[in-house]
Amino acid sequence: MQRLAQTFARCRSEGRPAFVSYVCAGDPDVATSKSILASLAQAGADILEVGVPFSDPLADGLTNQLAAQRALESGMTFNHLLEIIRDTRAVTDKPIILYCYYNLLYSFGIESYCEKAKAAGIDGLLVLDCPPEEAGELIAASKKLSLANIFIIAPTTPPSRMALIAKHASGFIYYVSREGVTGERSELAQNLQSALKEIKKHTDLPICVGFGISTATHVKAIGEIADGVVVGSALVNVIAAHKDNRSQAASAIGQKVKELLSS
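In structure tokens:
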């Protein structure tokens, strides 16, 4: 968790938001996935959000569903995930967050899953379908291991629930900028500033905004009002475009990050 706090402090001192990149582990294969994560860190991503491939990713749009499918078809396993995290940690000290679904932790054993992931080098977990009311075991394991628990606030979240989420969250708050699933969008949601203002009444944690952010203009606009900006589908689409030319995927995704940070 210390890496996250240091990262947000550094970005604030530099007068900019943290850039959070999302890709799915094992997409399109284990070796390429390692190269992609190293390239993201080198190109300017401040926090690496790593998706854990799952057969029923209910919060994900088609782009990220297909990424998970590619990873699973390539033979991804939990041990491969740990290998990817360990090898990424060996080449960068930037925070690594797992983006995953609760069934994966529950079926493995929550504390055991967290212990192994922590040992591999992660800094926190964003468990999409585990609200704080149901997260007692996860929160306890995370506190024991000094892992951040990142919870989501949505446009439909009422203020009373924001307070509950903020009470149990650590690391940062992930604000979903629009209703629905992940995916690139041509325009940003219109009520972002007022939504973030309301969230800040309930927490001092950094707030990162994600879902639908796909251009340098989007990144700049979000950066003026939030502590961090999350880009996923725009990066995953780069991987998809290079699934048949995998040796070029890492350099292409690094170039995409530089493009997104160019404004």
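Everything in the sequence shown is counted per the working numbering, starting at 141 for the first residue and increasing by one. The C-beta atom is built at its ideal place from N, Cα and C for all residues, glycine as well. Bear in mind that the values here come from a model prediction, so they are computed numbers and not experimental data.
Identity of the residue in the options nearest residue i by Cα
i    : options                   : result
K307 : T296, P272 and S354       : P272
P157 : R386, P346 and K383       : P346
R226 : F159, G368 and A259       : A259
V316 : V349, S286, I290 and F291 : V349
A389 : I290, K234 and L177       : L177
E255 : I237, G363, L221 and K284 : K284
P197 : Q209, V371, V170 and T232 : Q209
D269 : Y246, A171 and E399       : Y246
V190 : S373, A392, D384 and G249 : S373
Q333 : T217, P298, N204 and I362 : I362
V231 : A199, I353 and Q182       : Q182
H220 : D233, A288, V192 and D200 : V192
Q146 : D200, I339 and I187       : I187
A380 : A199, G155 and Q205       : Q205
A275 : D344, A309, D233 and T297 : A309
R150 : L222, K234 and T203       : K234
E338 : P298, V370 and V369       : P298
F218 : L244, T203 and A199       : L244
D344 : I305, G155 and L222       : I305
Proximity of residue i and residue j at Cβ, strictly below 7 angstroms
i    : j    : result
G311 : L144 : yes
K266 : Y239 : The identity of residue 266 in the sequence shown is Leu, whereas the question assumes Lys. Going by C-beta atoms, L266 is nearer than 7 angstroms to Y239.
I290 : Y253 : no
A185 : S153 : no
I293 : D263 : no
S173 : I224 : yes
A303 : H342 : yes
A356 : S286 : no
F148 : D367 : yes
L365 : L400 : Per the sequence shown, residue 365 should be read as Ile rather than Leu. It is not a contact, given that the beta carbons lie outside the stated cut-off.
A378 : K398 : Note that residue 378 is Val in the sequence shown here, rather than Ala. Contact: no.
K229 : G201 : In the sequence as displayed, the identity of residue 229 is Arg instead of Lys. Going by C-beta atoms, R229 is not nearer than 7 angstroms to G201.
Residues near residue i in its chain [Cβ-Cβ closer than 6 angstroms; skip 5 each side]
i    : result
A207 : C164, D167 and V376
E251 : A281
D169 : S214
S326 : Low confidence applies here, because S326 scores a pLDDT of 46, under 50, leaving its location unreliable and the question unanswered by this model.
A392 : V378 and H382
K360 : S403
M216 : G166 and P193
Limits of the unbroken beta strand (DSSP E) element including residue i
i    : result
C164 : A158 to C164
V371 : G368 to V371
V190 : I187 to G191
Where the alpha helix (DSSP H) containing residue i begins and where it ends
i    : result
G155 : First-last for G155: undefined, no H or E at that position.
Y241 : Element bounds for Y241: n/a, residue is neither H nor E.
L206 : L202 to E213
L221 : F218 to V231
S173 : V170 to A183
Close beta carbons around residue i, own chain, < 7 angstroms, minus the five adjacent residues each side
i    : result
Q142 : none
Cutoff 8 angstroms; reference residue i; Cβ partners in own chain excluding five residues on either side
i    : result
N331 : P295
K340 : I347
S195 : A208 and L212
R386 : P168, D169 and T172
Considering only residues of the stretch 252-323, which uninterrupted alpha helix (DSSP H) runs meet the minimum length of 4 residues and lie entirely inside it, listed in chain order?
-> Counting only runs of 4 or more residues that sit fully inside the stretch 252-323, the alpha helix (DSSP H) segments are 276-285 and 299-308, in chain order.
Jot down the residue ranges of each uninterrupted alpha helix (DSSP H) in the stretch 340-403, minimum 4 residues, whole runs only, in chain order.
-> The alpha helix (DSSP H) runs lying completely inside the stretch 340-403 and spanning 4 residues or more are 356-363, 373-381 and 389-400, given in chain order.
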